[in-house]
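Here is the structure we will look at, set down as structure tokens.
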Amino acid sequence: MNLQNLSIKRKLMLITMLTSSAALVLSAVSFLIYDLISFRRQLSQDLMTQAEIIGLNSGAAMAFKDETAATATLSALKAKDDIVAAALYSPEGKLFAHYFQANKSLPSSLPSRSQQNFYRFEDGYLHVFQQVTMNGERVGTLHLLSDMRQWNTRAKRYTGILVIVVLICGSLALLLSSRLQKLISKPILHLEDTMRMVSSNKNYEIRASRFYGDEIGRLIDGFNTMLSEIQLRDSALQRANNELQTSTHELEVEIIHRKRTQDELLTAKQAAEQANRAKSAFLANMSHELRTPLNAIIGYSEMLEEEVQDTAKISNVRDLQKIQAAGKHLLVLINDVLDLSKIEAGKMQLHIESFDIAGMIEEMVTTLKPAIAKNANTFQLRIPEDISAMRGDVTKVRQILLNLLSNACKFTDHGSVWLDVDRVSAAGQDWIRFRVGDTGIGISTEQQENLFQEFTQADISISRKYGGTGLGLAISHRFVQLMKGRITVESAPGQGSVFTVHLPVQAAGEQAESMAPMKTASSGVSSEVKPDADTILVIDDDMAVRDLMSRSLTKLGFRVVAAASGEEGLRLAKQLRPLVITLDVIMPDWDGWTVLNKLKADSDLAEIPVIMVTIVDNEAMGRDLGASSYLIKPVDRERLVTLIEKHRAMRSSTVAKAGVPPANWPARNQKTSRKPEVVSPRRH
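In the numbering used here, each residue's number is its place in the sequence shown (first place is 1) plus 1.
This is the structure we're talking about:
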């Protein structure tokens, strides 16, 4: 039975019954216990008195050893029904005389405490021990045993009386509680009925009647007040609903009009997004397509420049240099558009590797020398000798610094440009700090707000005077953010500018470090087929690329073998074991990825470095498949030569360690005796 779900009527009756019954039972039980304890104490005292009297009467018989007289004295106890046994013991504790009823006997010897007068309760019996004396001298001990039938009879009688009294009082309490509980339950039940009527009929004009002025009466008053408030609000709500229905029609008309306008705007938005996607796809496709003719234009112009210089036709050299400059400038614009498209699409990735900061800056400064000298500027580089290597995307770090230094050179005339590099710690992390400064035209505070936005320059007049698309700083800013760094600027008009770039020493990119260009183990030189140390295998379906690569690398003393398809290239690679393989991606039949995968899957060819030379900008795929380097067409010849020389030096070191002398390696001509420059195709 769940007491919580009982009606209030039954709860009141139950509470009354429990409290009254508990009080009555507690008081009755207390009285019974007290009476029984007192009666038991009185019973023991009476038995001690009887024992004392019998002891006095038995003194002479014990003293003269008259067992018959002692037994007669004990037989007088037959008149006491509750005394079931009696015994006299000699001073030595031996049984002298005894009397008993109902086969209840006493022990033949006294317990150890029998030298004293005392009583005890044991197993429902009362034991009394009394010393028997004669003329003050102890002559024995009396032991009486009572079954306490008087106490038991009294306990049973009083318990029956207690049960009868409790039942009578409980019945009386039940009768009274069933009548008196109505004083509380009746108004509450009435309130419940009223609530049910209001809830079922939704009639807030009904009121509950008040019976008394107590808390329940005040509860009923509060309930009636609440009904009045609800009635007033219901009336107000009805009026408001009528007014709302009147204005709903007007709103529906307005909503229909706005919905039609919204649909038109959504259609226009989707059309604009589709046009933007088509624009991006067109730009990406055209940018890739433009790389192919640009590769031929720049490559052949460089070849013609070298040939014309040999014939001392200086005027033609200048014309060819103009062609190269225009082609490279167009390449910069194409690369910027591609980078921006990839950044906006969220497809720009980091290619993480460990690189030497000083070496990267040395190559970059060599590239910038013409730009520095163009406006008669001086350049200062401050970099600690112990600057450590950093782990990041070396291509993007180089492009960031090239953009900043190119702008510094472009906007400074007969001034100074400088680059500071150091290592700092901040926020529990190590950073490489690059500071690019100049004494050029400077940038105002208002112009700095939009400095890193796409297609914006500090001033429209600057664009007319110095040129540029306004993408260089925006792309640099996006690259810095991609590498979890930060870039700031300090500048004032006429006082130059200082750009500060912080990049983490350990890049937070997700891609693993690039694969090593080639292993240095002695197994790189086969004992059966020796690699041809001066042969370069070019695999490309474009005849112009094959011709340019062949002519330019042959001048440097290399033997160049070309293949127009992937299948032919794989066959030549097995036959020649070249020093380096250059590989295009877009080819008929087997594409470059398939060829690269087959090369790296062949244990005899896996150690040959593969340089990807393609218009496809997917360096991550190339690195994953095992490419040593990745170049985007149009190919920078000096960059390509540097990579080949690097692999040639590593092959020479490997052969020397293996104890095999290099055979027939060509001597470098004067053109390659200097350190090749690393030229980036991106300038601003």
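Ideal Cβ positions, reconstructed from N, Cα and C, are used throughout, including at glycine.
Judged by DSSP in its simplified three-state form, W432 adopts strand. In this chain, F480 is not harboured by any beta strand (DSSP E); it is covered by the alpha helix (DSSP H) spanning G473 to L483. Judged by beta-carbon spacing, A98 lies beyond the 8 Å limit of L78, meaning their Cβ atoms are not closer than that value. Residue environment: G125 is assigned as exposed (fewer than 16 neighbouring CB atoms within 10 Å of its CB, all protein chains considered). Relative to the Cα of I362, the nearest Cα in the group V395, E354, Y120 and A377 belongs to V395. When the five nearest sequence neighbours on each side are left out, the beta carbons in the same chain lying within less than 8 Å of the beta carbon of D590 are those of S566, G567 and E568, in order along the chain. Per DSSP, the beta-bridge partners of T501 are R436 and T489. Counting along the chain, no beta strand (DSSP E) covers S76; the unbroken alpha helix (DSSP H) around it starts and ends at E68 to S76. Secondary structure of R578 (DSSP, three-state): coil.
In the structure shown, the three-state DSSP call for T413 is coil.
Y90 counts as buried, since no fewer than 16 other beta carbons sit within 10 angstroms of its beta carbon. In the DSSP assignment, A98 forms a beta bridge with L89. Sequence-distant Cβ neighbours of A87 in its own chain, meaning closer than 6 Å and more than five residues away, are L75, L78, Y100 and L145. Taking the Cα positions, D535 is about 33 Å away from M391. Ranked by how close their Cα comes to the Cα of Y301, the residues A628, F32, S201 and L549 have L549 in first place. CA-CA distance, L57 to S31, rounds to 40 Å. For H128, the uninterrupted beta strand (DSSP E) segment begins and ends at Y126 to M135. Per DSSP, the continuous beta strand (DSSP E) segment holding M391 begins and ends at M391 to G393. The residue from A273, D36, D148 and L252 with its alpha-carbon nearest to that of D83 is D148. If you draw a straight line from the Cα of H478 to the Cα of N336, it comes to about 16 Å.
Closest option to N376, judged by alpha-carbon separation, among G393, S654 and A409: A409.
In this chain, V617 is not harboured by any beta strand (DSSP E), its DSSP state being neither H nor E.
Between I587 and L538, the gap from beta carbon to beta carbon reaches 8 Å or more. Where Y631 is concerned, the enclosing beta strand (DSSP E) starts and stops at S630 to I633.
A straight line joining the alpha-carbon of E354 with that of G393 spans about 5 Å.
The Cβ neighbour count for M14, taken over all protein chains shown within 10 Å, is at least 16; the residue is labelled buried.
Runs of the beta strand (DSSP E) lying entirely within the stretch 169 to 215, each at least 3 residues long, are absent.
About 16 Å separates the beta carbon of V502 from that of I444, a gap too long to meet the 8 Å contact definition. For L382, the enclosing beta strand (DSSP E) begins and ends at T379 to R383.
When DSSP states are grouped into helix, strand and coil, D423 belongs to the strand group. With at least 16 other beta carbons inside 10 angstroms of its own, S186 counts as buried.
The criterion of a C-beta distance shorter than 8 Å is satisfied by A563 and S551. A563 carries a strand assignment under DSSP once its states are collapsed to helix, strand and coil. Look at S355 here: in three-state DSSP terms it is strand.
Nearest to R572 by C-alpha distance, out of R547, K556, L173 and D605, is D605. Here the alpha carbons of V398 and E364 stand approximately 13 Å from one another.
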